[in-house]
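Read through the structure below, which is laid out as structure tokens, and then see the notes.
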Amino acid sequence: MTTTIRLLMMAMVVAHAECVAAQEPVDRGAITRIREEGFQRSQVMTFAEYMTDVLGPRLTGSPGLRRAEQWAKTTMTGLGLANVTIEPWGEHGVGWTNVYTSLHLLEPSYQPLIGYPLAFTPGTNGKVMGDARIVSIRTEADFAAYRGKLAGAIVLATPPGPVRLRFTPDATRFTAEQLRALEHTTIGAPTGIDSVEYRWDPVIKTYLPTGSAAASSGPPPTDLLKFFKSENVGVVLQAGSGQDGTVIVEGRPGSRQDRSYRAVSESPPIIAVAAEHYNRIYRVAAQGVPARLEIEIRNALDTSVTTADNVTGEITGSDLKDQVVMLGGHLDSWHAATGATDDAAGVAVALEAMRILKTIGVKPRRTIRVALWSYEEGGVVGSRAYVERHFGSAAKPGPDYGKLAAYFNVDNGAGRIRGIYLHGNERVRPIFEAWLSPFADLEATTMTINNEFGVDALAFDQAGLPGFQFIQDPLDYESRTHHSNMDVFDRLPADDMRRNAVILASMVYLAAMRDAPLPRKGR
220 MTTTIRLLMM
230 AMVVAHAECV
240 AAQEPVDRGA
250 ITRIREEGFQ
260 RSQVMTFAEY
270 MTDVLGPRLT
280 GSPGLRRAEQ
290 WAKTTMTGLG
300 LANVTIEPWG
310 EHGVGWTNVY
320 TSLHLLEPSY
330 QPLIGYPLAF
340 TPGTNGKVMG
350 DARIVSIRTE
360 ADFAAYRGKL
370 AGAIVLATPP
380 GPVRLRFTPD
390 ATRFTAEQLR
400 ALEHTTIGAP
410 TGIDSVEYRW
420 DPVIKTYLPT
430 GSAAASSGPP
440 PTDLLKFFKS
450 ENVGVVLQAG
460 SGQDGTVIVE
470 GRPGSRQDRS
480 YRAVSESPPI
490 IAVAAEHYNR
500 IYRVAAQGVP
510 ARLEIEIRNA
520 LDTSVTTADN
530 VTGEITGSDL
540 KDQVVMLGGH
550 LDSWHAATGA
560 TDDAAGVAVA
570 LEAMRILKTI
580 GVKPRRTIRV
590 ALWSYEEGGV
600 VGSRAYVERH
610 FGSAAKPGPD
620 YGKLAAYFNV
630 DNGAGRIRGI
640 YLHGNERVRP
650 IFEAWLSPFA
660 DLEATTMTIN
670 NEFGVDALAF
680 DQAGLPGFQF
690 IQDPLDYESR
700 THHSNMDVFD
710 RLPADDMRRN
720 AVILASMVYL
730 AAMRDAPLPR
740 KGR
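Residues 220 to 742 in our numbering are what the sequence shown lists, from first letter to last.
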């Protein structure tokens, strides 16, 4: 094909997209009312503040998440939503809550320590005092060197954590060049980023590049934990990811696969310690100088409820009310902080979008349903279960498979929306181009054909349904707040949150009023 012909074909494609975009109706009067309500009388920060400062951590299965679900139900009812439901979706396992943590370096000089227990591990057997012991197990043969020698020990189980000087800001916004690069990317795979295809690994419950395996070095972490438990260690310390006092804290290795009471009980206590503090202890112990510690961890296990839930509520549609447009974020969080950017921000934005639409009195043609998911932090499990139950999949469609018009997800921190991931669905590009055009002043018009992994939109997309995640400014999501002890209300910029709620409400409204559902990807 000659360059001239190729350019002509590209021009024809662009012209067709522009023609479709020009024909796509956009109710600017409704968007004006959405903007007025969302910018002048916003309640989004009120929702976010209560979720974080009052409700606190919301680990799936914990009493904290169940309190949040009841609050969400009460809040949705107060907004006037219909069919508000806390819907169990399946078994989860034991509920887990950290109720007390005390970490101190006593010698060679006193220092209070920053550290947090990993979720789904037991507490210590009262107060543990002793000298830290470096335990280096890199091969199967190394187990023998420690067998019978670790009873009651405070184990340093990892090498020191990397701590580097920072020469770039923690928080950033997308530059014009970065947004253009997103717009110009193409993907060569239906589930991929750029030309790299990803696959879902059902065992470890995450996405991996096709053909790759989960990285491993030495004995599996679960084998190490079994060994430490069999040796009756007092507590296991590891260098926490992050730096400058930020500690990234998730769950016990293997907890994605097994969160049963038995699995928790068969683990030793494990604490992620701030890298700077852990490294000092490690260096002291490596010199042969006693690094004496005092540690006490209390974790509560709750076996009264072993199921997990999603929370939904609706604005009932009119002539197309049996069809549904959905929006949402995940209600669950990790436990070292209060789950502000991940994902109280998305939940608050979704609730605010519903509040705006109810307040201005829209009469949507399709039913608009907000969904707050559980167990996203574990493989987008709650949303997957919901999609399977209510819609099915392209391979095995349920009775309502054809009734979902669109799903919009908010879960990339609290940064302002700059556009939307198309998730490989080129057919929606001209539609979204028209719908985002009123937000050119908010710099929210970027579209990329790429996917966004690790969010609940994937539950819909992988079932062949139109599910989309927004492009958001990164701010300090990856550098500071994501799954860390710094994921708190103070990291939520109010202006960004207000913008996001207005854009979300508008996209949902336009999808609910459109003559036809959003087109699905060709197969």
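Backbone N, C-alpha and C define an ideal beta-carbon position, used for all residues, glycine too.
Checklist entry - Nearest CA to the CA of residue 731: which residue from 540, 415, 324? => result Start at 1 with the first residue of the sequence shown, and residue 731 comes out as number 512. When each option's Cα is compared against that of residue 731, the closest is 540.
Checklist entry - What is the rounded straight-line gap between the Cα of residue 335 and the Cα of residue 320? => result Within the sequence shown, the letter at position 116 stands for residue 335. Within the sequence shown, the letter at position 101 stands for residue 320. When rounded, the distance between both Cα atoms is 7 Å.
Checklist entry - Does the region 375-386 come within contact of the region 400-413, defined as at least 3 CB pairs closer than 8 Å? => result Per the Cβ contact rule, the region 375-386 is not in contact with the region 400-413 (fewer than 3 Cβ pairs under 8 Å).
Checklist entry - Rounded to a whole number of angstroms, what is the C-alpha to C-alpha distance between residue 415 and residue 431? => result Mapped onto the sequence shown, residue 415 falls at position 196. Mapped onto the sequence shown, residue 431 falls at position 212. Approximately 11 Å between the Cα atoms of the pair.
Item to check | Span of the beta strand (DSSP E) around residue 549 | outcome: If you number the sequence shown from 1, residue 549 lands on position 330. Membership of residue 549 in the beta strand (DSSP E) is indicated by the continuous run 539-549.
Checklist entry - Run through DSSP, which three-state label would residue 405 get? => result Your numbering for residue 405 matches position 186 in the sequence shown. When DSSP states are grouped into helix, strand and coil, residue 405 belongs to the coil group.
Next on the checklist: Let me confirm a value: residue 288 is counted as buried when at least 16 other C-beta atoms fall within 10 Å, else exposed. Which label applies?
Outcome noted: The residue labelled residue 288 in the question sits at position 69 within the sequence shown. Within a 10 Å sphere around the beta-carbon of residue 288 sit 16 or more other beta-carbons, which makes this residue buried.
Next on the checklist: Any contact between the region 307-317 and the region 599-614? By contact I mean 3 or more CB pairs, one from each, below 8 Å.
Outcome noted: By the Cβ rule, the region 307-317 counts as touching the region 599-614, because three or more pairs are nearer than 8 Å.
Checklist entry - What do you get for residue 463, buried or exposed, if any count of 16 or more other CB atoms within 10 angstroms of its CB means buried? => result Along the sequence shown, one-based indexing puts residue 463 at 244. Exposed: under 16 other Cβ atoms inside 10 Å.
Checklist entry - For residue 544, which option in 390, 512, 584 has the closest C-alpha, if you only look at C-alpha atoms? => result For this step, residue 544 is matched to residue 325 along the sequence shown. Relative to the Cα of residue 544, the nearest Cα in the group 390, 512, 584 belongs to 584.
Next on the checklist: Please tell me whether residue 358 and residue 409 are closer than 9 Å, where the distance is taken between their beta carbons.
Outcome noted: Translated into the one-based positions of the sequence shown, residue 358 becomes position 139. Translated into the one-based positions of the sequence shown, residue 409 becomes position 190. It is not a contact, given that the beta carbons lie outside the stated cut-off.
Checklist entry - Whose C-alpha, out of 503, 333, 679, is nearest the C-alpha of residue 628? => result Here residue 628 refers to the residue found at position 409 of the sequence shown. Nearest in C-alpha terms to residue 628, of all of 503, 333, 679, is 679.
Checklist entry - Are the region 696-716 and the region 548-556 touching by the rule of at least three beta carbon pairs closer than 8 Å? => result Touching, yes, given that three or more Cβ pairs across the two stretches are closer than 8 Å.
Next on the checklist: As a quick exercise: from 579, 614, 578, 560, pick the residue whose alpha carbon is nearest that of residue 696.
Outcome noted: Residue 696 sits at position 477 when you count from the first residue of the sequence shown. If we check each option's Cα against that of residue 696, 560 comes out closest.
Checklist entry - Since residue 722 and residue 658 are thought to touch, with beta carbons under 8 Å apart, how far apart are those beta carbons, to the nearest angstrom? => result On the sequence shown, position 503 is the one that residue 722 refers to. On the sequence shown, position 439 is the one that residue 658 refers to. Rounded to the nearest angstrom, the Cβ distance from residue 722 to residue 658 is 6 Å, consistent with a contact under 8 Å.
Checklist entry - At what residues does the alpha helix (DSSP H) containing residue 253 begin and finish? => result Working through the sequence shown from its first residue, we reach residue 253 at position 34. For residue 253, the enclosing alpha helix (DSSP H) starts and ends at 247-259.
Next on the checklist: Does the region 459-476 come into contact with the region 499-506, if we say contact requires no fewer than three beta-carbon pairs (one atom in each stretch) closer than 8 Å?
Outcome noted: The region 459-476 is not in contact with the region 499-506.
Item to check | Member of 610, 300, 514, 249 whose CA lies at the smallest distance from the CA of residue 350 | outcome: By one-based count along the sequence shown, residue 350 stands at place 131. Closest in alpha carbon position to residue 350, among 610, 300, 514, 249, is 514.
Next on the checklist: Give me, in chain order, the residues of the same chain whose beta-carbon lies closer than 6 Å to that of residue 304; leave out the 5 immediate sequence neighbours on both sides.
Outcome noted: Translated into the one-based positions of the sequence shown, residue 304 becomes position 85. 531.
Item to check | Whole-angstrom C-beta distance between residue 724 and residue 253, which should lie under 8 Å | outcome: Within the sequence shown, numbered from 1, the residue matching residue 253 stands at position 34. Within the sequence shown, numbered from 1, the residue matching residue 724 stands at position 505. Indeed they touch by this definition, with Cβ atoms about 5 Å apart.
Item to check | Residues of its chain near residue 269, where Cβ-Cβ distance is below 8 Å and the 5 sequence neighbours each way are ignored | outcome: Mapped onto the sequence shown, residue 269 falls at position 50. Take residue 269, set aside five residues on each side of it, and the residues of its chain with a beta-carbon closer than 8 Å to its own are 290, in chain order.
Item to check | Segments assigned alpha helix (DSSP H), at least 4 residues, entirely inside the region 494-518 | outcome: If only uninterrupted alpha helix (DSSP H) runs of at least 4 residues are considered, those enclosed by the region 494-518 are 494-505.
Checklist entry - Under 9 Å, do residue 720 and residue 568 count as touching if we go by C-beta distance? => result Counting from one through the sequence shown, the residue named residue 720 turns up at place 501. Counting from one through the sequence shown, the residue named residue 568 turns up at place 349. Contact check for residue 720 against residue 568 passes: the beta carbons are separated by less than 9 Å.
Item to check | Integer-rounded CB distance, given that residue 533 should sit under 8 Å from residue 300 | outcome: For the purposes of this step, residue 300 is identified with residue 81 of the sequence shown, where counting begins at 1. For the purposes of this step, residue 533 is identified with residue 314 of the sequence shown, where counting begins at 1. Correct: roughly 6 Å between the Cβ atoms.
Checklist entry - What number of angstroms, rounded off, separates the C-alpha of residue 738 from the C-alpha of residue 343? => result Within the sequence shown, residue 738 is the residue found at index 519, counting from 1. Within the sequence shown, residue 343 is the residue found at index 124, counting from 1. Taking the straight line from one Cα to the other gives about 55 Å.
Item to check | Residue from 394, 677, 458, 325 whose Cα sits closest to the Cα of residue 376 | outcome: By one-based count along the sequence shown, residue 376 stands at place 157. Out of 394, 677, 458, 325, the CA that lies nearest to the CA of residue 376 is found in 458.
Checklist entry - Using the rule of at least 16 other Cβ atoms within 10 Å of the residue's Cβ for burial, across every protein chain shown, is residue 637 buried or exposed? => result On the sequence shown, residue 637 is found 418 positions in, with the first residue counted as 1. The C-beta of residue 637 has 16 or more other C-beta atoms within 10 Å across all chains shown, which makes the residue buried.
Next on the checklist: Assess contact between the region 272-281 and the region 506-513, defined as three or more Cβ pairs (one per stretch) separated by less than 8 Å. Is contact present?
Outcome noted: Output reads no: the region 506-513 does not touch the region 272-281.
Next on the checklist: Less than 9 Å between the C-beta atoms of residue 591 and residue 493, yes or no?
Outcome noted: By one-based count along the sequence shown, residue 591 stands at place 372. By one-based count along the sequence shown, residue 493 stands at place 274. Contact flag unset, no.
Checklist entry - So what's residue 736 in DSSP terms, helix, strand or just coil? => result In the sequence shown, the residue the question calls residue 736 occupies position 517. Of the three classes helix, strand and coil, the one that applies to residue 736 here is coil, per DSSP.
Checklist entry - Would the beta-carbon of residue 379 be found less than 8 Å away from any heavy atom of the ligand NAD? => result The ligand NAD is absent from the structure shown, which contains no ligands of any kind.
Checklist entry - DSSP three-state call for residue 594: helix, strand or coil? => result The sequence position of residue 594 within the sequence shown is 375, counting from 1. In this structure, residue 594 counts as coil in the three-state DSSP scheme.
Checklist entry - DSSP state of residue 393, grouped into three classes? => result If you number the sequence shown from 1, residue 393 lands on position 174. It is coil, neither helix nor strand.
Checklist entry - For residue 290, does the three-state DSSP call read helix, strand or coil? => result Here residue 290 is taken as the residue at index 71 of the sequence shown, counted from 1. In the structure shown, residue 290 sits in a helix (DSSP, three-state: H, G or I).
Checklist entry - I think residue 472 touches residue 444, with their Cβ atoms under 8 Å apart; what is that distance to the nearest whole Å? => result Position 253 of the sequence shown, counted from the start, is the residue given in the question as residue 472. Position 225 of the sequence shown, counted from the start, is the residue given in the question as residue 444. Contact flag correct, Cβ pair sits at about 6 Å.
Checklist entry - Can you check whether the CB of residue 675 is closer than 9 Å to the CB of residue 566? => result For the purposes of this step, residue 566 is identified with residue 347 of the sequence shown, where counting begins at 1. For the purposes of this step, residue 675 is identified with residue 456 of the sequence shown, where counting begins at 1. Residue 566 places its beta carbon 9 Å or farther from that of residue 675.
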